[in-house]
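Working notes for the structure below.
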Amino acid sequence: MKKHLIFDLDGTLIDSAPSILEGYDQAFKTTDTPLQVPLRSDVIGPPLIESLKILSGSDDDALLQALAEAFKQHYDSSGYLKSVVFSGVSELLQQLHGAGYQLYIATNKRLYPTEKIIRHLQWEPLFQDVFALDYFQPALSRKSDMIGRIVQDLALPVEECLYIGDRLEDGLAADAQQMDFVLVTWGYAADAAQKKPHWQSCTAVGDLPALIAGNQGIQS
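The working numbering puts the first residue of the sequence shown at 545, with every later residue one more than the last.
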């Protein structure tokens with residue numbers, strides 16, 4: 545039985561695209577840096593520096609750090625407040641928590657704004673813990689390593705865990721730890737066409753509880 549449900553955040557539980565894209569726009573304008581690719585939701589998901597490399601077309605560390613600081617200044621102070629919960633998600637989390645599932649978040653977003661978002665949404669009582677790449681010291685570089693550390697540090701039986709996310713990276717991170725995975729397609733789902741045959745998918749928030757309850761013998 546799946547007892548431990550690990551959720552991605554952006555594109556899975558919340559639509560953070562408007563707030564993040566606004567933060568990127570502000571960062572590039574305040575540093576007078578030209579964008580090399582359009583600001584679209586498909587740049588959301590990777591860690592901040594990786595996204596800034598794509599948007600700037602540069603590996604220059606000084607430039608990337610300047611962009612990152614400009615982004616953080618806007619997003620961490622007010623931008624995060626514009627994150628929108630996908631319809632039905634708050635009710636979903638309440639339902640799963642009430643049914644006795646242990647809920648966690650594992651996100652590429654930095655821990656500081658993630659925790660601010662969770663407090664703002666009053667979701668703190670629903671989650672056992674919230675994990676980000678920089679939750680760990682030294683910070684991890686890949687989501688697959690984060691999923692592995694969660695399982696290891698909390699001594700969770702992997703067969704009792706289910707990772708739920710909206711991107712190819714999420715599924716591959718679960719696969720790396722031999723964890724079952726559900727790809728949700730109500731968010732960004734930019735990688736949905738690359739869905740692996742052994743992954744399950746869910747197109748509607750309201751369908752997820754039944755799918756989770758039926759996850760007794762999926763093999764990753």
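Where is the CB? At the ideal position from N, CA and C, for every residue including glycine. All of these numbers come straight from a predicted model, not from anything done at the bench.
Tell me where the beta strand (DSSP E) around residue i begins and ends.
{"i": "Y648", "result": "Q646 to T651"}
{"i": "D678", "result": "Segment: none, D678 is in no beta strand (DSSP E) and carries neither H nor E."}
{"i": "G758", "result": "Run containing G758: none; DSSP gives neither H nor E here."}
{"i": "L706", "result": "C705 to G709"}
{"i": "L727", "result": "D724 to V728"}
Comparing alpha-carbon positions, which option in the options lies nearest residue i?
{"i": "H510", "options": "V628, F675 and F615", "result": "The question about residue 510 has no answer, for the chain in this structure spans 545 to 764."}
{"i": "V581", "options": "S602, S563 and P562", "result": "S602"}
{"i": "D554", "options": "K740, P657 and A720", "result": "P657"}
{"i": "L727", "options": "V702, P701, A612 and L755", "result": "L755"}
{"i": "K573", "options": "D620, D751 and A610", "result": "A610"}
{"i": "G567", "options": "E594, K546 and S622", "result": "S622"}
{"i": "E635", "options": "G758, G750 and A757", "result": "G750"}
{"i": "L608", "options": "E594, W743 and D620", "result": "E594"}
{"i": "D714", "options": "K546, D552 and K547", "result": "D552"}
{"i": "R654", "options": "F671, F725 and D620", "result": "D620"}
{"i": "L670", "options": "G644, E703 and L579", "result": "G644"}
{"i": "W743", "options": "D689, G709, Y732 and S585", "result": "G709"}
{"i": "L625", "options": "V633, V674 and S563", "result": "S563"}
{"i": "P753", "options": "T575, Q570, G632 and S688", "result": "G632"}
{"i": "L716", "options": "S688, S560, P578 and T575", "result": "S688"}
{"i": "T556", "options": "A718, D719 and Y707", "result": "Y707"}
{"i": "L698", "options": "S585, R711 and V674", "result": "V674"}
{"i": "H548", "options": "D719, R711 and P701", "result": "P701"}
{"i": "A676", "options": "W667, Q666 and E659", "result": "E659"}
Our contact map puts residue i next to residue j with C-beta atoms below 8 Å; I'd like the distance itself, whole angstroms only.
{"i": "L596", "j": "L583", "result": "Not really, about 12 Å apart at Cβ, beyond 8 Å."}
{"i": "I694", "j": "Y648", "result": "7 Å"}
{"i": "I558", "j": "F630", "result": "7 Å"}
{"i": "Q721", "j": "I691", "result": "5 Å"}
{"i": "C746", "j": "M723", "result": "Going by Cβ atoms, the distance from C746 to M723 rounds to 16 Å, so no, they are not a contact pair."}
{"i": "A650", "j": "I550", "result": "5 Å"}
{"i": "N652", "j": "P741", "result": "Between P741 and N652 the Cβ distance is about 25 Å, and since that is not below 8 Å, they are no contact."}
{"i": "Q646", "j": "Q672", "result": "5 Å"}
{"i": "Y732", "j": "I588", "result": "6 Å"}
{"i": "A561", "j": "S585", "result": "4 Å"}
{"i": "I662", "j": "E668", "result": "6 Å"}
Could you give the first and the last residue of the continuous alpha helix (DSSP H) run that contains residue i?
{"i": "Q617", "result": "D605 to S621"}
{"i": "I550", "result": "No alpha helix (DSSP H) holds I550; the beta strand (DSSP E) holding it covers H548 to F551."}
{"i": "Q744", "result": "No alpha helix (DSSP H) holds Q744; the beta strand (DSSP E) holding it covers Q744 to C746."}
{"i": "F572", "result": "A561 to T574"}
{"i": "I588", "result": "Premise fails: I588 is in no alpha helix (DSSP H) and is neither H nor E."}
{"i": "Q672", "result": "That residue, Q672, is in no alpha helix (DSSP H); it is neither H nor E in DSSP."}
{"i": "Q638", "result": "V633 to G642"}
{"i": "D689", "result": "K687 to L698"}
{"i": "D554", "result": "No alpha helix (DSSP H) contains D554, which DSSP labels as neither H nor E."}
{"i": "E659", "result": "L655 to H664"}
{"i": "E713", "result": "L712 to A720"}
At a cut of 8 Å, does the region 679-686 reach the region 626-644 through at least three beta carbon pairs? The answer is no - the region 626-644 does not touch the region 679-686, with fewer than three Cβ pairs under 8 Å.
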